[in-house]
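**Student:**
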Amino acid sequence: AQSVTQLDSHVSVSEGTPVLLRCNYSSSYSPSLFWYVQHPNKGLQLLLKYTSAATLVKGINGFEAEFKKSETSFHLTKPSAHMSDAAEYFCVVTGSYGQNFVFGPGTRLSVLP
Amino acid sequence: EAQVTQNPRYLITVTGKKLTVTCSQNMNHEYMSWYRQDPGLGLRQIYYSMNVEVTDKGDVPEGYKVSRKEKRNFPLILESPSPNQTSLYFCASSFSPGTAYNEQFFGPGTRLTVL
């Protein structure tokens, strides 16, 4: 069975500084991994995904994530935070057949002016 | 426009009164799924469907039913709602799970309150 741990429930950064949102996963199979973002009172939008191609994955809005199998991690980073990045971020893992999407509990990102 | 739609967006009901939340996608996706979102718990999968007439339980299926009679529709049925089913519900679809085209597209959500 798959599981996801998001190590921080809340991260606060200043505008223009780097963002790091941490995610560790557990999966019996070669996983697919995703990051989704949810802005207040909105639906979920895909930021990026890893499906066993390049381990460094680039997504939308300047975000990227690196798949590290030895560490079972898939941390999300952005070099410079923008006010519009304030949102809830979810790390998601799915197994080799893709039928189960398992979400982490989410990390709320606050961006201070 | 490619999208997943849900109706209603907001619903207040009373304990025991059967309700249905509809979900429809116009992307010819094989896979559809329902989630509930509760504070601090992220999204938890209720049911999913790999294709027409094929449905299976997710992590929290108790108290819910689904059907997949057509590829585009995947309604969520609460036959006897209870207050612990008060939540934000999302429907999602994807083209083909287990392949490179497995990202899920989400509907706008349905906020359900059961009194």
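Chains A and B supply the protein sequences, listed in that same order. Using my numbering, read the first sequence as starting at 1351 and increasing by one per residue. Using my numbering, read the second sequence as starting at 5 and increasing by one per residue. All C-beta atoms in this analysis are idealised placements derived from N, C-alpha and C, irrespective of residue type, glycine included. These figures come from a predicted structure and were not determined experimentally.
To the nearest angstrom, how far is it from the Cα of T1401(A) to the Cα of E1416(A)?
**Tutor:** Straight-line Cα distance between these residues: approximately 12 Å.
**Student:** DSSP three-state label for N55(B), please.
**Tutor:** Here N55(B) sits in strand by DSSP.
**Student:** Which of the three DSSP states is assigned to D1358(A) in this structure?
**Tutor:** Reduced to three states, the DSSP call for D1358(A) is coil.
**Student:** Using a cut-off of 9 Å between C-beta atoms, extract the partners of Y143(B) located in chain A.
**Tutor:** The requested residue 143(B) does not occur in the structure, where chain B is confined to residues 5 to 119.
**Student:** Closer than 7 Å, CB to CB, is N106(B) near chain A or not?
**Tutor:** For N106(B), the answer is yes, since a Cβ of chain A falls inside 7 Å of its Cβ.
**Student:** Secondary structure at G1412(A), three-state DSSP: helix, strand or coil?
**Tutor:** The answer is helix: DSSP assigns G1412(A) an H, G or I state.
**Student:** Is there a Cβ of chain B sitting closer than 7 Å to that of L1396(A), yes or no?
**Tutor:** Taking Cβ atoms only, chain B reaches closer than 7 Å to L1396(A), which makes this a yes.
**Student:** Per DSSP, D42(B) is paired with what?
**Tutor:** According to DSSP, which records beta bridges pairwise, D42(B) is partnered with G46(B).
**Student:** Within the chosen definition, does the segment 109 to 117 of chain B reach the segment 20 to 34 of chain B through at least 3 CB pairs nearer than 8 Å?
**Tutor:** With a cut-off of 8 Å, the segment 20 to 34 of chain B and the segment 109 to 117 of chain B count as touching, because enough Cβ pairs lie within range.
**Student:** Taking 7 Å as the threshold (beta carbon to beta carbon), is L47(B) in contact with chain A?
**Tutor:** With 7 Å as the cut-off, L47(B) counts as an interface residue toward chain A.
**Student:** Considering Q108(B), what are the terminal residues of the beta strand (DSSP E) in which it resides?
**Tutor:** Note, Q108(B): premise wrong, no beta strand (DSSP E); not H, not E.
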